[in-house]
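Novice: According to the working numbering, the sequence shown is numbered sequentially starting from 1. By construction, the Cβ of each residue, glycine as well, lies at the ideal position given by its N, Cα and C atoms. Computed from a predicted structure; not experimentally measured. Mind looking over this structure? Questions follow.
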Amino acid sequence: MDIVLRDSDLIFEVKENGIVLLKKPAVEKKSPAAGSQKISGTVKDSSGTALPGVSVTVKGKANIGTTTDMNGGFFLEVPGNDAVLVFSMVGFNPREIALSDQTSIDIRLAAAPYHLDEAVIVAFGKQKKTDVVGAVTSINPSELKVPSSNLTTALAGRIAGLIAYQRSGEPGADNASFFIRGVTTFGYKKDPLILIDGVEVTTTDLARLQVDDIANFSILKDATATALYGARGANGVILISTKQGKEGRPVYSIRLENSLSEPTQNIKLADPVTYMRLANEATLTRNPLGITTYSREKIDNTIAGTNKYAYPATDWLKVLFKDHTMNQRMDANVSGGASVARYYVSAAFTQDNGILNVPKLNNFNNNIDLKTYSIRSNVDVNLTRSTLLITRISGSFQDYVGPINGGTQVYNEIMHANPVLFPAFYEPDEANMFTHHILFGNYGTGNYVNPYANMVKGYKTYTTSTINAQAELRQKLDLITSGLSFNAMVNTSRYAYSDITRSYTPFFYSLGSYDKGSDSYVLNPINPDAGTEYLNYPAGGGRKLITTSVYFQGILNYSRTFNNKHGLSGSLVYQAQNSISGDFTSLETSLPARNLGISGRATYNYDQRYYVEYNFGYNGSERFDKKHRFGYFPSAGVAWNVSNEEFWRKKLIGTVTNLKLRATYGLVGNDAIGSAMDRFFYLSEVNMNDGSKGSAFGSVIGNLYRRNGISVLRYANPDITWEIAHQTNIGLDMSLWNKLNVTLDAYSTYRSNILMVRASIPSTMGLANIPSANIGAATSRGLDASLDFNQPINKDWWIQGRANFTLAMSKYDKYEEPAYENEPWLSRVGYSLSQRWGYIGERLFIDDKDVANSPAQTFGTYGAGDIKYRDINRDGQITSLDKVPIGYPTDPEIVYGFGLSFGYKSIDFSAFFQGQSRSSFFINSTTTAPFADNNALLKAYADDHWSEDNRNIYALWPRLSPDVNINNAQPSTWWQRNGKFMRLKQLEIGYSLSKNLMNKLKLKTFRFYVNGSNLFSLSSFRLWDIEMAGNGLGYPLQRVVNAGVQTSF
């Protein structure tokens, strides 16, 4: 009837069992009263972004009004000069502004903490926030605008339920690790499904997504929220949709940024003189009759600053790295359209540079240089009044140049380079005045690490391209029945990667002799025949990979409300995907892969008070035998919107403006239980050409014929099946005074059928390899909470606060292991999935008498000043049976974030803090061991170590040694550190030009801003940035100070 009467002056109403036609009521159109005035202005959100579609009306005269255009601008003629304008928009707090002779008004609307009509992006659609039963958390994309080209680095502490941390700051290798509600399985795949416009993407695709292109960002956390994605959503879902065009004249937006990047914290090394003195001490303290490495003459000449090539004192950190670097970012987009077609087109460019201190001695620059180009075009066309076609095309392209083994390896080698043995390179001596290559320093036969030579000897380049083309058709089927619609989408993706490495072999030289009188030296060439003066090109080229994927989904939707009381909706989804990889190195990965599934959702609500929802996923997987190939995974949920009850509305609605209780339970399957090489568990994997199993025939002297044998790498197991997550969630949504929003969820997940290798098998079975089976189980529990506060103070001031908290704990329930009857502490059962085991380091041994009176430690030689371990089982010796769970899990169990934003007229300010707790990490006592293999010496170890003059039994480093002391290198509480920290993640201040000035410049918006990330942190750990945890010798995290400008016209 809606379609039939669309162009008429009639409307209809359903009366009991009949339809009544009525004439449309006349709309009174009042012209402005005499003495009217013209008002213009702009409306923006709290971050300064223009808001299109804001309703602007005159208070008390609803028939006089307008809406803002694509630039957030409006024009309105109002009666008199004392009118009050009302600004309102879904998702934002309304504001009232008294004109008082004003003719130009620029205001900002604060995001509403809770709005009954606000739409939330859920699986394959949208729901009103009040109708959501599952655990879904959304974030305003503007909160993800950080001074970084990597979007994943913005996630930590921003979203309740998301555990995220970053271990490296190297461009191109700086993706954060993140898990929804923590790590919930010890199987293969632990990270969530990531979808952009409905298509599965990788973490790197998410990292390179431009924030300006994002329209909605949600995470789905429980079984009812993720059920429609079937097996792909077992670990939660990150769901992102990109912007679409809106009706109106073209609006152009440009954002330009330039940033300074520097390490948040570098490792600090002891000075060269201290290094030599303590290296000698390390020798003598272990062997008083030993021969020291460094002579008094060498130490004295180094102190005196005698010739730096004869007596080198190399600060490898300064040689290899700069203090800072500069990065650039440019982003532009245009949107607009008419009633028939709308468009959104964007392009972006970012350049991330490394902090490598590359010299000009080579004719190439191998400092890290990562250029990223992104394009996107989203067009939607109304083919008919009931048919919408959406096309989306996007591309991301990267060009990388950097050191052969990456920046992390360069940084790591600082710790493995001797600072006094040789310089990075020599100035030519008389015999090498006309040499055309760099004279790299080394010693002896040239087997020592020269990190400078390794850094500059060549470079690696790679290019990547990711292209997505998508067509989506949305068809309303109201002619069949009101509320019925159909959606079909097909997407094709192609990813290509290629790399090449070019390098030369360095010429190494050592100091032959030095004449102090003439201050001249003679060099000895170490490898005159092995070095090269040209760049080699590998005969086989570099690695090349092409992956193509085609994805299809069809959705039948129904949504309708009967008698204004009964809300009914449902979705039936079919999904199919085919992908093929051009990886010629592996048969398993080169075979085409196909997945398909059917899923559905049905919801019912009565009077928007009582909600029931049922979901299911029926999925197929190629990994399993036919009897287990398809799995059925249902889920259900209920909710009660208490604030819509009559008794609540009468007494409490003014204080608690919204209160909803939610509960869900469901099963989710997971087929990603093995690596890419474990695709077909029901088939055996056989090596038909195993040299270790072969036999030789014939005479040893003469013709010897050898035939390789056959070995079984994996035995077929048709009983391997789905890993299953049993998920329970209880939640509460509450809004106070329509200003403060609180969301709280408590959850429990039991994972069964986790694939793991059997602990042992009887030798009588005759198996060459131990098989795997679905025998593991784990439980995770926790809660996540978020809080938002928004308050416009007056027409000039506004304030906004937000906070979130996540607690995610896990434990082993079933783990096949030996029966630890006498040492139950060795069992994993009952402990966290990322729990570490080690010895309890009580203290350092006081003296030899203390050593003699203590249980024997079975880890090599040890004595006074070495670590004393606790005898847990009291058997009189320290063995592997004395290992116990130590510290917190390595994955943080608590992650939180909080921030505050406020503004005054054209100035805005925001600050955001992020932190974590209940986590531990471990210093690697082998890689940081000084002097071993000519390792460097950390300043902290030099300042605080046990010695004959400092018999501190709680010193940071035990007694020095010229080699790695096996006793002290055991995993223990001595090297365990608390991973708790809090950092100022982001700080920003912005200024927007006044409306009058922008009118003169013919601009819609113009905003300057300065922001920074990782500005400082609070923790008790001092050796390196604590967020890097045990990766402290890797490329450091970066502190960024950024200046930018954003304008639209």
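What residues in its chain sit with their C-beta under 7 Å from that of Y344, if we drop five residues either side in the sequence?
Specialist: Here residue 344 is taken as the residue at index 344 of the sequence shown, counted from 1. Closer than 7 Å at Cβ, skipping near neighbours: K243, Q244, G245, N333, S335, N378.
Novice: For L51, does the three-state DSSP call read helix, strand or coil?
Specialist: To locate residue 51, count along the sequence shown from 1; it is residue 51. Coil, per DSSP.
Novice: What residues are listed by DSSP as bridge partners for L826?
Specialist: Reading the sequence shown from its first residue, position 826 is the one you call residue 826. The partner list for L826 (beta bridge, DSSP) is empty, contrary to what the question assumes.
Novice: Can you tell me the Cα-Cα spacing of K371 and A164, whole angstroms?
Specialist: On the sequence shown, position 371 is the one that residue 371 refers to. On the sequence shown, position 164 is the one that residue 164 refers to. Whole-angstrom Cα-Cα distance: 25 Å.
Novice: Among residues of its own chain, excluding the 5 on either side of V27, which ones have a beta-carbon nearer than 6 Å to its beta-carbon?
Specialist: Within the sequence shown, numbered from 1, the residue matching residue 27 stands at position 27. Because V27 sits at a pLDDT of 40, beneath the cut-off of 50, its placement in the model cannot be relied upon, and the point is left open.
Novice: Here's the rule: buried if 16 or more other CB atoms are within 10 angstroms of the residue's CB, otherwise exposed. What is W974?
Specialist: In the sequence shown, counting from the first residue as 1, residue 974 sits at position 974. Buried, by the Cβ-count rule.
Novice: Please give the ranges of any beta strand (DSSP E) in the segment 383-419, keeping only runs that are unbroken, at least 3 residues long and fully inside the region.
Specialist: Listed in chain order, they are 387-402.
Novice: Find out if the Cβ-Cβ distance for the pair N536, S503 is shorter than 8 Å.
Specialist: By one-based count along the sequence shown, residue 536 stands at place 536. By one-based count along the sequence shown, residue 503 stands at place 503. Their beta carbons are under 8 Å apart, which means N536 touches S503 by this criterion.
Novice: Since W640 is in the alpha helix (DSSP H), which residue starts that stretch and which ends it?
Specialist: For the purposes of this step, residue 640 is taken as residue 640 along the sequence shown, with counting starting at 1. From DSSP, W640 is part of no alpha helix (DSSP H) but of the beta strand (DSSP E) over 630-641.
Novice: Would you decide whether M415 is buried or exposed? Buried here means 16 or more other CB atoms lie within 10 Å of its CB.
Specialist: To locate residue 415, count along the sequence shown from 1; it is residue 415. Flag for M415 reads buried.
Novice: If we ignore side chains and look at the alpha-carbon of each, how far apart do Q1046 and P147 end up?
Specialist: Taking the sequence shown and counting its residues from 1, one reaches residue 1046 at position 1046. Taking the sequence shown and counting its residues from 1, one reaches residue 147 at position 147. Rounded to whole angstroms, Q1046 to P147 spans 14 Å at the Cα level.
Novice: Who are the Cβ neighbours of T743 in its own chain at under 6 Å, not counting the five residues just before and after it?
Specialist: Reading the sequence shown from its first residue, position 743 is the one you call residue 743. Closer than 6 Å at Cβ, skipping near neighbours: D733, S786.
Novice: Report yes or no: do three or more beta-carbon pairs, one from the segment 909-929 and one from the segment 1018-1032, lie closer than 8 Å?
Specialist: They touch, by the three-pair rule.
Novice: Rounded to the nearest angstrom, what separates V1041 and L260 at their Cα positions?
Specialist: Taking the sequence shown and counting its residues from 1, the one referred to as residue 1041 is at position 1041. Taking the sequence shown and counting its residues from 1, the one referred to as residue 260 is at position 260. Spanning the two alpha carbons is a distance of roughly 5 Å.
Novice: What residues in its chain sit with their C-beta under 7 Å from that of F1016, if we drop five residues either side in the sequence?
Specialist: As a first step, residue 1016 is located in the sequence shown; it is residue number 1016 there, counting from the start. The answer, listed in chain order, is R983, L984.
Novice: Comparing alpha-carbon positions, which option in Y459, N405, I393 lies nearest N491?
Specialist: Counting from one through the sequence shown, the residue named residue 491 turns up at place 491. That would be I393, whose Cα lies nearest to the Cα of N491.
Novice: Alpha carbon to alpha carbon, how far is L320 from Y452?
Specialist: Taking the sequence shown and counting its residues from 1, the one referred to as residue 320 is at position 320. Taking the sequence shown and counting its residues from 1, the one referred to as residue 452 is at position 452. Whole-angstrom Cα-Cα distance: 6 Å.
Novice: Identify whether W1092 lies in helix, strand or coil by the three-state DSSP scheme.
Specialist: Residue 1092 is absent from the structure shown; the chain starts at 1 and stops at 1049.
Novice: Check for me: the beta strand (DSSP E) holding M982 runs from which residue to which?
Specialist: Counting from one through the sequence shown, the residue named residue 982 turns up at place 982. 981-992 is the extent of the beta strand (DSSP E) around M982.
Novice: Should D271 be flagged as near chain D, meaning a C-beta pair shorter than 8 Å?
Specialist: Going by chain labels, chain D is absent from the structure shown, which holds only one protein chain.
Novice: At which residues does the alpha helix (DSSP H) containing F178 begin and terminate?
Specialist: Reading the sequence shown from its first residue, position 178 is the one you call residue 178. Here F178 belongs to no alpha helix (DSSP H); instead the beta strand (DSSP E) covers 177-180.
Novice: As a quick exercise: from K814, F1006, D745, E821, pick the residue whose alpha carbon is nearest that of G830.
Specialist: Locating residue 830 in the sequence shown gives position 830, where the first residue counts as 1. Per the Cα distances, K814.
Novice: So if DSSP puts K868 in a beta bridge, which residue, or which two residues, is it bridged to?
Specialist: Stepping through the sequence shown from its first residue, residue 868 is reached at position 868. Answer by DSSP bridge pairing, in chain order: R843.
Novice: Quick one: Cα of N935 to Cα of L421, how far?
Specialist: Taking the first residue of the sequence shown as 1, we reach residue 935 at position 935. Taking the first residue of the sequence shown as 1, we reach residue 421 at position 421. Cα to Cα, the separation comes out at about 11 Å.
Novice: Tell me where the beta strand (DSSP E) around S88 begins and ends.
Specialist: Counted from its first residue, the sequence shown places residue 88 at position 88. Per DSSP, S88 belongs to the beta strand (DSSP E) from 84-89.
Novice: In the DSSP assignment, the alpha helix (DSSP H) including L317 goes from what residue to what residue?
Specialist: Locating residue 317 in the sequence shown gives position 317, where the first residue counts as 1. Taken as a continuous stretch (DSSP letters only), the alpha helix (DSSP H) holding L317 covers 316-320.
Novice: CA-CA distance, K460 and Y400?
Specialist: For the purposes of this step, residue 460 is identified with residue 460 of the sequence shown, where counting begins at 1. For the purposes of this step, residue 400 is identified with residue 400 of the sequence shown, where counting begins at 1. Using only the alpha carbons, I get a separation of about 8 Å.
Novice: In whole angstroms, give me the CA-to-CA distance for Y747 and E723.
Specialist: For this step, residue 747 is matched to residue 747 along the sequence shown. For this step, residue 723 is matched to residue 723 along the sequence shown. When rounded, the distance between both Cα atoms is 19 Å.
Novice: How is Y604 classed by DSSP in three states: helix, strand or coil?
Specialist: As a first step, residue 604 must be located in the sequence shown, where it is residue number 604. It is a strand residue.
Novice: Between G72 and K44, which are expected to be in contact by the criterion C-beta below 8 Å, what is the C-beta distance as a whole number of angstroms?
Specialist: Here residue 72 corresponds to residue number 72 of the sequence shown, with the count starting at 1. Here residue 44 corresponds to residue number 44 of the sequence shown, with the count starting at 1. With 8 Å as the limit, G72 and K44 qualify as a contact, their Cβ atoms being about 6 Å apart.
Novice: Whose CA, out of Y497, V612, Q470, P506, lies closest to the CA of H437?
Specialist: In the sequence shown, residue 437 corresponds to position 437, counting from 1. The option with the nearest alpha carbon to H437 is P506.
Novice: If you reduce the DSSP assignment to three classes, tell me which class I299 lands in.
Specialist: Counting from one through the sequence shown, the residue named residue 299 turns up at place 299. It is helical.
Novice: Any idea if Y551 is buried or exposed, counting beta-carbon neighbours within 10 angstroms, 16 or more meaning buried?
Specialist: Counting from 1 along the sequence shown, the entry for residue 551 is found at position 551. It counts as buried.
Novice: Assuming L1037 contacts F981 (C-beta within less than 8 Å), just tell me the rounded distance between them.
Specialist: Counted from its first residue, the sequence shown places residue 1037 at position 1037. Counted from its first residue, the sequence shown places residue 981 at position 981. Actually they do not touch by this definition, with Cβ atoms about 12 Å apart.
Novice: Verify whether the separation of the beta carbon atoms of T67 and V84 is less than 8 Å.
Specialist: For this step, residue 67 is matched to residue 67 along the sequence shown. For this step, residue 84 is matched to residue 84 along the sequence shown. No.
Novice: With a cut-off of 8 Å on the beta carbons, I'd call A50 and K1004 a contact; round off their distance for me.
Specialist: Here the question's residue 50 lines up with position 50 in the sequence shown. Here the question's residue 1004 lines up with position 1004 in the sequence shown. 6 Å between Cβ atoms; contact.
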